[in-house]
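Peer 1: Take this structure first; my questions come after.
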Amino acid sequence: MLGATNHPTRAWGAQLARNLTADLESAGHRFTHLIRDRDAKFTAASDAVFASIGVDTVLTAPQTQRMNAIGERWISSVRREYTDRILITGRSHLHEVLDAYVKHYNAGRSHQGRSVGYARPMTTRR
């Protein structure tokens, strides 16, 4: 999780971009594309931070919530499975709760994937 604030601004969005790139570089991780919506909090300044390390920013089309379905699904899962069931007492508690959820989501939940194998399609008899 990158950060939380009651009043997000453009400067806050640019700072989050700087924090993310610094954290990823120090951990030895690299990505090439960032898909984001057209929220005003993330501006050309944020895009410039990502471009400086070779990341292409891809914008979703205007007014198309389904283009970022995976991200929207993750946010709704966090709300439904965690934050709607817990009384968050402050920012540090929120970070603690979300860090625990991220660990659970990435490691503790069952995911359909290569290691699990894919379900075979059903065949119909004629």
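Take 1115 as the starting number for the sequence shown in the working numbering and just add one per residue. No residue lacks a Cβ here, since even glycine has one placed at the ideal position from N, Cα and C.
(1) What do you get for Phe-1164, buried or exposed, if any count of 16 or more other CB atoms within 10 angstroms of its CB means buried?
(2) Answer yes or no: do Met-1172 and Thr-1146 have a C-beta to C-beta separation smaller than 8 angstroms?
(3) Consult DSSP for Leu-1201 and reduce its assignment to one of helix, strand or coil.
(4) Please confirm whether Thr-1157 and Arg-1205 have their CB atoms less than 8 angstroms apart.
(5) In whole angstroms, give me the CA-to-CA distance for Leu-1201 and Arg-1223.
(6) At the level of alpha carbons, what is the spacing between Tyr-1215 and Arg-1193?
(7) DSSP state of Asp-1213, grouped into three classes?
(8) Could you tell me which whole beta strand (DSSP E) segments of length 3 or greater appear in the segment 1129–1169?
(9) Ala-1183 lies in the alpha helix (DSSP H); which residues open and close that run?
(10) Based on Cα-Cα distance, which residue from Ala-1175, Arg-1132, Ala-1221 and Thr-1178 lies nearest to Ala-1159?
Peer 2: The short version:
(1) Per the 10 Å Cβ criterion, buried.
(2) According to the sequence displayed, residue 1172 carries Val and not Met. Result no, Cβ atoms of Val-1172 and Thr-1146 do not sit closer than 8 angstroms.
(3) Coil, per DSSP.
(4) Against a cut-off of 8 angstroms, the Cβ pair of Arg-1205 and Thr-1157 comes out as no contact.
(5) Their backbone Cα atoms lie some 23 angstroms apart in a straight line.
(6) Going from the Cα of Tyr-1215 to the Cα of Arg-1193 covers about 10 angstroms.
(7) Helix.
(8) With a minimum length of 3 residues, the continuous beta strand (DSSP E) runs that stay inside the segment 1129–1169 are 1147–1150.
(9) For Ala-1183, the uninterrupted alpha helix (DSSP H) segment begins and ends at 1183–1192.
(10) When C-alpha distances from Ala-1159 are compared across Ala-1175, Arg-1132, Ala-1221 and Thr-1178, the shortest belongs to Arg-1132.
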